[in-house]
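Asker: Read in order, the letters of the sequence shown are residues 38 to 126 in our numbering.
Encoded as structure tokens, here's the structure I'll be asking about.
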Amino acid sequence: AIEAAAAGCAVIASALGGLPEIIHDRRTGRLLAPGDAGALAELAAELLDDPAERDRLGAAAARDVRERFAPAALLRSIEGLYARIRGET
Numbered sequence: 038a039i040e041a042a043a044a045g046c047a048v049i050a051s052a053l054g055g056l057p058e059i060i061h062d063r064r065t066g067r068l069l070a071p072g073d074a075g076a077l078a079e080l081a082a083e084l085l086d087d088p089a090e091r092d093r094l095g096a097a098a099a100r101d102v103r104e105r106f107a108p109a110a111l112l113r114s115i116e117g118l119y120a121r122i123r124g125e126t
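Structure below.
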């Protein structure tokens, strides 16, 4: 999912595991209940029929991935974690 989001694709994913940390429903993609094939078909049809929404979700997802998962952002996150472990914050 993160690779598709980074490429600017609209993502439909199950709200399972780490996916809700990557995809924010209706903001950077669409989340659905695991195993809900009907909802998957419905969401896929909606996005196929609405190129503007598909483009909006894809662009928002790409921006979000660049901001949150860029090497500099990950480094800041790891440094913050180490600082908390050391009791510096």
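C-beta atoms are modelled at their ideal positions from N, C-alpha and C, and glycine is treated no differently.
If you pair each beta-carbon of the stretch 108 to 124 with each one of the stretch 55 to 66, do three or more pairs fall below 8 Å?
Answerer: no
Asker: Straight-line CA distance for Ala70 to Asp62?
Answerer: 12 Å
Asker: For Gly45, which option in Arg93, Arg67 and Ser51 has the closest C-alpha, if you only look at C-alpha atoms?
Answerer: The alpha carbon of Gly45 has as its nearest neighbour, out of Arg93, Arg67 and Ser51, the alpha carbon of Arg93.
Asker: Assign Gly95 to one of two classes, buried (16 or more other C-beta atoms within 10 Å of its C-beta) or exposed (fewer than that).
Answerer: buried
Asker: Whose CA, out of Ala47, Tyr119 and Ala107, lies closest to the CA of Ala82?
Answerer: Ala47
Asker: Give me the Cβ distance between Ile49 and Leu80, rounded to the nearest whole Å; I'm assuming they're in contact under 8 Å.
Answerer: 5 Å
Asker: So what does DSSP say about Leu94, is it helix, strand or coil?
Answerer: helix
Asker: Leu118: buried (16+ other C-beta within 10 angstroms of its C-beta) or exposed?
Answerer: exposed
Asker: What residue range is occupied by the uninterrupted alpha helix (DSSP H) comprising Arg67?
Answerer: Careful: Arg67 lies outside any alpha helix (DSSP H), inside the beta strand (DSSP E) at Arg67 to Leu69.
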